[in-house]
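Here the structure is laid out as structure tokens; the discussion comes afterwards.
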Amino acid sequence: MITVADVKHVARLARLNLREDEIPLFTGQLSAILGYVDQLKELDTDGILPTSHAVPMENAFREDTISPSIGVDKALANAPHRVDTFFGVPKVIE
Amino acid sequence: MKFQPVIGLEVHVQLKTATKIFCGCSTQFGAEPNSQTCPVCLGLPGALPVLNKSVVDCAIKAGLATNCTIAPRSIFARKNYFYPDLPKGYQISQFEDPICQKGWLDIHLEGLEPKRIGITRIHMEEDAGKLVHGDVPGLENGSGVDLNRACTPLLEVVSEPDLRTSDEAVAYLKKLYQIVTWLGICDGNMEEGSFRCDANVSVMPVGSDTFGTRAEIKNVNSFKFVKQAIEYEIQRQIDLIEDGGTVVQETRLFDPTSGRTRSMRGKEEAHDYRYFPDPDLVPLVIGPAWVERIAGELPELPAAKQKRFMSDLGLPEYDAEVLTATRALTEYFEACVASHGNAKSVSNWVMGEVTRALNDNGIDIAACPVAPARLAALLKLIDSGTISGKIAKTVFDEMWKGGRAPQDIVEEQGLVQVSDSGAIETIIDQVIAANAGQVEEYRSGKDKVFGFFVGQVMKASKGKANPAVVNELLLKKLKG
Amino acid sequence: MELFDLTIHQMRAGLAAKRFSSVEATRAMLERIQATEPAINAFITVTPEQALADAEAADRRIAAGDALPLTGIPLAVKDIFLTEGVRTTCGSRILAEFIPPYSATSWERLRSQGAVLLGKLNQDEFAMGSSNESSAYGTTRNPWDTNRIPGGSSGGSAAAIAARQATATLGTDTGGSIRQPASHCGCVGLKPTYGRVSRYGVIAYASSLDQVGPMTRDVADCALLLGAVAGLDPKDSTSVDIPVPDYGAALGNGVKGLKIGLPKEYFIHGLAPEVQSAMDAAIATYRSLGAEFVDISLPHTDYAVATYYLIATAEASSNLARYDGVRFGHRSSQADNLIDMMTQSRSEGFGAEVKRRIMIGTYALSSGYYDAYYVKAQKVRTLIMRDFTRAFELVDLILTPVAPTPAFAIGEKVNDPLQMYLSDIFTIPVNLAGTCAMSLPAGFSPDGLPIGLQLIGKPFGEASILSAAHAFEQSTEWHLRKAVI
């Protein structure tokens, strides 16, 4: 079903590190779960539209008027590393 | 083997709305980092997006101006990837159901037939924040994230791969730029990133119908650099293929200093964006009434105006194109013509003296100190013979500096043109009498000396003599 | 009757009659919390100073004649609700030190009435769980038997009611996370129709399924609390502009002539015998009150869990991408480059269940699998919705069990995630369909464990399920029993 390579790939996409000893466990669990959800294949859904919103809704807007920003101190209040008024991060090479 | 380039362009147009696309923070450029943020654009837990209606209006305008079909129903989708300038770890964009599709623009390169370039789609999305590196104290070994720009509304305009040369690409970009600034939906400030271009470039053997592998050159911010980047990339790919190599599908950056593109592949991994409809936003349903209302609000677009300037005002194509470079310039021109019907004369002055003065002073037509009505008044003075064209230039300079009416300047400085033949004859007689030697030279065949006499007459009349009358009378008198 | 035993209505009456003050009531709750927390662990953060300050302000307001229904009432909310200035963890280590700069709309609506905040309640991490065992702050214990789970993910919210640590609480429900713990802890819990209550400021798990709901000691309190939080919020694009009725006014309507559906798919699924007998007794009670029962079918029920675990995990995998160590939350000190920083921060901060669901969701959305998994699930969702729409053409309400068994033992299902998921079979379909449902006390097992019954209503039919629930409650005394801690 889902292989160790798949699990490693998905973990990388999701920015998750799995320890070597965790990988077989996760692979087994994910396999069982994905095996279970495979049953949906049994259902004929030809001509059925997917539902994105269970309750019909459309066109929710706001006007183009400025509302006050929360200010740099509130914005940065939880910053793991604040530098001046920036969020500091390890060097990004572009 | 001869190669044919194939170019497609993706342009990100930053919209000139007061607030961001999904929150009420200001979009003003240049504010202190992170001072224009809120839970929504910071991507804080629990925050939710709400769509700015003006952004939809802008998108419909852009779609109508580029002949697109406006989708009656469109959906926002999440584009998932991790990057520090992307606070939610996904960008809200549109994927399968964009707001506009299947439009086109015509470009017209000098000496060539007009060419239609297809526009595949236009969609709305939010911008990411900005990263700064190293140059801020404290960030020497790191980078800083500023989210003021995060959530700024963008329109992404995707062209069909119909372009074949760098000149075509630049013409398309300039046309698109003209349209979005004309509509007033974009401020056109390329240095500030209001109009960004990604170029997809590939080459294929001439006569083939299978496109080659393309490389994407990201984020080129000037027309000049776009041309250079595309030309470099075309040659790079041709050289690579001719050397036996293969073009790799990758993202590249253009370096203006070296004039080369380089691969970003070090940072790139295969991106699986895992697009899916954003459950926090609801479908956008646009009925015909909305589209009609926007259509009614559209200004006459450059192409239509040019046609009208040529057919109704009798202006040549060159004039029509120059005068419709920006909406502000066109409006200035039209205001002037409304006061002074001689369109060609207005055109000459706008393209000539006005443009020169604007350039010399480094300002835009919007800041022109000479109002259209004043310019029209000046032109009336020329056409009525009150002043000569040359004197008019002096008056114009005065008007520019002091903002006064031309007739006031003319009166005050006594610049009224002298057209009275009697008066001019008198001056001519004096000049001829004083320059017998030159008269001899002229009469012996040196035609160029005529100019000397004209100069002397003009000098004696302090420039006010009507040049046409001077020429006529001087010719008569010198011939004897 | 101690102050901590009172319902909202009883407390209101007491405050109005000046039999006690909000400060006294709040103190009583805080003492109760202190006494019972070692055994229960329902709270992640208790806010005694804030609570007393809120209570003092409330008392002034009451004295000035400005009281609203919730003025001075001591409440607690699941730690998934952002509360400005008060640590909000969502049951996760990754937000262990997160102090929000803003509050959830639903909490704001209560606070602006003068409600008192006792603290933030324990939950499964990021609302992913059915037992509260995945919290980074320890398992909450069921007050009826502290070797058992209280249910999840709003385990703390339910346990706090059962332990009488709070007069009422707010929880969230994505696949049953209000109803199932309410059932296991013997209290009332309601999941409103999707869009009825704002999600702004509620930490997102599965955006198209999450809803905020009240958890209370009785139905009247539930109606009151729902009315206080429901209604359009311009900050939430998915909140609906439908007027909020007076839920309290509809309570006395009774059930005479009401048609109640019994879906056959819910009554054969390995129901524990004690649950079956509680249901039988409840049906008999309703019959005696004049309701009629109709056998119905919700044919796609068996596919609901699979559908849910694809849609919810996909949305969650995207919603949790913002926890990257950049702007808030845990940042690993073990990394020197950007990708490692993000990866390490997330790996250190998230627990196993969260990682599992993120991976499943990422897989379901990934290239090559999106159509087969995510889109397919969204199509099956349409079929499940249709089942309900068709059923509601035949009946006014639907009655089902909430869980196949009463509360299971702590540790019993922790090593078998799939087994854990399967126990949500009766609650999940309602979230997929987007409609409303509530759990109310309907009996006890021979071991003294609470058993709830579920009433499912039509979209925006909260008034009718509250009314039917009220009628049942008035004819029984299950809601009056108290857990002994």
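Chains as they are written, first to last, in my numbering: chain L, 1 to 94; chain P, 1001 to 1480; chain E, 2001 to 2485.
We put the beta carbon where it would ideally sit given N, CA and C, even for glycine.
The structure presented is a predicted model; accordingly, all values stated were derived computationally and were not measured.
Bridge partners for H1271(P) per DSSP, in chain order?
What you label residue 1271(P) is simply residue 271 of the second sequence in a count that begins at 1. For H1271(P), which the question treats as bridged, DSSP gives no partner whatsoever.
Practice problem: Compare the C-beta of S52(L) with all C-beta atoms of chain A and state if any pair is closer than 8 Å. | Solution: The question asks about chain A, but that chain is absent: this structure's protein chains are L, P and E.
How far does the beta strand (DSSP E) with T2216(E) in it extend, from its first residue to its last? Mapped onto the third sequence, residue 2216(E) falls at position 216. T2216(E) -> beta strand (DSSP E) spans 2211-2216.
* To do: Kindly give me the distance between the Cβ atoms of C1041(P) and P1084(P), rounded to whole angstroms, as I take these residues to be in contact under 8 Å.
  => Working through the second sequence from its first residue, we reach residue 1041(P) at position 41. Working through the second sequence from its first residue, we reach residue 1084(P) at position 84. Going by Cβ atoms, the distance from C1041(P) to P1084(P) rounds to 14 Å, so no, they are not a contact pair.
Worksheet item: Applying a beta-carbon distance threshold of less than 8 Å, which residues of chain P neighbour D2324(E)?
Response: Against the third sequence, residue 2324(E) aligns to sequence position 324. Ordered by position in chain P, the residues that pass the 8 Å Cβ test against D2324(E) are F1082, P1084, G1089.
How should N2142(E) be labelled, buried or exposed, when 16 other C-beta atoms within 10 angstroms of its C-beta is the threshold for buried? In the third sequence, residue 2142(E) corresponds to position 142, counting from 1. N2142(E) is buried by the Cβ-count criterion.
What does Y2102(E) touch in chain P if you count any residue whose Cβ is under 7 Å from its own? On the third sequence, position 102 is the one that residue 2102(E) refers to. Going along chain P in sequence order, the residues near Y2102(E) (Cβ under 7 Å) are P1039.
Whole angstroms are fine: how far does the CA of I2339(E) sit from the CA of K1267(P)? The residue labelled residue 1267(P) in the question sits at position 267 within the second sequence. The residue labelled residue 2339(E) in the question sits at position 339 within the third sequence. The pLDDT assigned to K1267(P) is 47, lower than 50, so where the model puts this residue is not dependable; a value taken from the coordinates is nonetheless given after this. Whole-angstrom Cα-Cα distance: 10 Å.
Looking only at C-alpha atoms, which of R2148(E), I2080(E), T2105(E), C2185(E) sits nearest to G2443(E)? As a working note, residue 2443(E) is residue 443 in the third sequence. Selected option, being the one with the closest Cα: C2185(E).
Worksheet item: Residue range of the alpha helix (DSSP H) that P2401(E) falls in?
Response: Locating residue 2401(E) in the third sequence gives position 401, where the first residue counts as 1. Looking at the DSSP string, P2401(E) is not in any alpha helix (DSSP H); the run it does join, the beta strand (DSSP E), is 2397-2401.
Note down, in chain order, all residues in the stretch 1042-1063 of chain P with a beta-carbon under 8 Å from any beta-carbon belonging to chain E. L1042, G1043, L1044, P1045, G1046, A1047, L1048, P1049, V1050, L1051
query = At which residues does the alpha helix (DSSP H) containing A1366(P) begin and terminate?
reply = By 1-based counting over the second sequence, the position of residue 1366(P) is 366. Premise fails: A1366(P) is in no alpha helix (DSSP H) and is neither H nor E.
Problem - Reduced DSSP secondary structure (H/G/I, E/B, other) of H1123(P) - result: Mapped onto the second sequence, residue 1123(P) falls at position 123. Three-state DSSP puts H1123(P) in a strand.
Here's a check: name, in chain order, each residue in its chain whose Cβ is nearer than 8 Å to the Cβ of T2146(E), leaving out the five neighbours to either side. Position 146 of the third sequence, counting from 1, holds the residue named residue 2146(E). So the list reads A2039, I2040, I2485, once near-sequence residues are dropped.
Query - Test: K1267(P) CB closer than 8 Å to a CB of chain L - result: Working through the second sequence from its first residue, we reach residue 1267(P) at position 267. With a pLDDT of 47 at K1267(P), under the threshold of 50, the modelled position of that residue is not reliable, and the figure given next carries that caveat. Output row for K1267(P): interface = yes.
Give the interface partners of S1143(P) over in chain L, defined as CB-CB distance under 8 Å, in chain order.
Counting from 1 along the second sequence, the entry for residue 1143(P) is found at position 143. Per Cβ cutoff of 8 Å: G88, V89, P90, K91, V92.
Exercise. How many Å lie between G1142(P) and A2312(E) at the Cα?
Worked result: As a position in the second sequence, residue 1142(P) is number 142, starting the count at 1. As a position in the third sequence, residue 2312(E) is number 312, starting the count at 1. Cα to Cα, G1142(P) sits roughly 36 Å from A2312(E).
Output, in sequence order along the chain, the residues in the stretch 1310-1324 of chain P whose CB is closer than 7 Å to any CB in chain L. none
Please give the ranges of any alpha helix (DSSP H) in the stretch 1031-1113 of chain P, keeping only runs that are unbroken, at least 4 residues long and fully inside the region. 1039-1042, 1053-1065
From the DSSP output, read off the bridge partner residues of K1130(P). What you label residue 1130(P) is simply residue 130 of the second sequence in a count that begins at 1. Its beta-bridge partners are D1146(P).
Local Cβ density within 10 Å of N1361(P), reported as buried at 16 or more and exposed below that: Walking along the second sequence from the start, residue 1361(P) turns up at place 361. N1361(P) is exposed by the Cβ-count criterion.
* To do: Under 9 Å between beta-carbons, which chain P residues line up against I2203(E)? List them in chain order, please.
  => Here residue 2203(E) corresponds to residue number 203 of the third sequence, with the count starting at 1. Simply P1045, G1046.
inquiry  = I'd like to know whether the C-beta of S1026(P) is nearer than 8 Å to at least one C-beta of chain L.
reply    = Along the second sequence, read from residue 1 onward, the residue named residue 1026(P) stands at position 26. True, the Cβ-Cβ gap to chain L drops below 8 Å.
Original post:
Hey, quick one: how far does the beta strand (DSSP E) through R1980(E) stretch, first residue to last?
Top reply: Any property of residue 1980(E) remains undetermined from this structure, which presents chain E solely from 2001 to 2485.
task: Kindly indicate the opening and closing residues of the alpha helix (DSSP H) around V2077(E).
output: Along the third sequence, one-based indexing puts residue 2077(E) at 77. Note, V2077(E): premise wrong, no alpha helix (DSSP H); beta strand (DSSP E) at 2074-2078.
Q) Where T2193(E) and S2103(E) are concerned, what is the direct C-alpha to C-alpha distance, given to the nearest angstrom? A) For the purposes of this step, residue 2193(E) is taken as residue 193 along the third sequence, with counting starting at 1. For the purposes of this step, residue 2103(E) is taken as residue 103 along the third sequence, with counting starting at 1. Approximately 22 Å, taken between the alpha carbons.
**Request:** Could you round the C-beta distance between T1120(P) and E1160(P) to whole angstroms and report it? I think they count as a contact, below 8 Å.
**Result:** Taking the first residue of the second sequence as 1, we reach residue 1120(P) at position 120. Taking the first residue of the second sequence as 1, we reach residue 1160(P) at position 160. About 5 Å separates the two Cβ atoms, so the contact holds.
Interface residues of the stretch 2427-2446 of chain E facing chain P [CB-CB below 9 Å]: none
Margin query: Please list, in chain order, the chain L residues whose beta carbon lies closer than 8 Å to that of T2172(E).
Written below: Along the third sequence, one-based indexing puts residue 2172(E) at 172. Simply none; closest approach about 16 Å.
Report all residues from its chain with a CB closer than 8 Å to the CB of H1271(P); omit the five preceding and five following residues, and keep chain order.
Counting from one through the second sequence, the residue named residue 1271(P) turns up at place 271. Contacts found: Y1081.
query: Among all the DSSP beta bridges, which residues are the ones paired with A2437(E)?
result: Taking the first residue of the third sequence as 1, we reach residue 2437(E) at position 437. DSSP, once it has assigned bridges, lists K2191(E), I2456(E) as partnering A2437(E).
query: Which chain E residues are close to I33(L), counting only those with a beta carbon under 8 Å from its beta carbon?
result: Your numbering for residue 33(L) matches position 33 in the first sequence. Under the 8 Å cutoff, chain E gives Y2309, R2356, I2360, P2417, L2418, Y2421.
Practice problem: Quick one: grab the DSSP three-state call for V2086(E). | Solution: If you number the third sequence from 1, residue 2086(E) lands on position 86. Looking at V2086(E) - three-state DSSP - the assignment turns out to be strand.
Checklist entry - Any beta-carbon of chain E closer than 8 Å to the one on L1281(P)? => result For this step, residue 1281(P) is matched to residue 281 along the second sequence. Answer yes: the Cβ-Cβ gap between L1281(P) and chain E drops below 8 Å somewhere.
Kindly provide the ranges of any beta strand (DSSP E) runs that are 3 or more residues long and lie completely inside the stretch 1326-1402 of chain P, ordered along the chain.
none
For the structure I just gave you, are there three or more beta carbon pairs, one from the stretch 2064-2080 of chain E and one from the stretch 2012-2029 of chain E, closer than 8 Å?
yes
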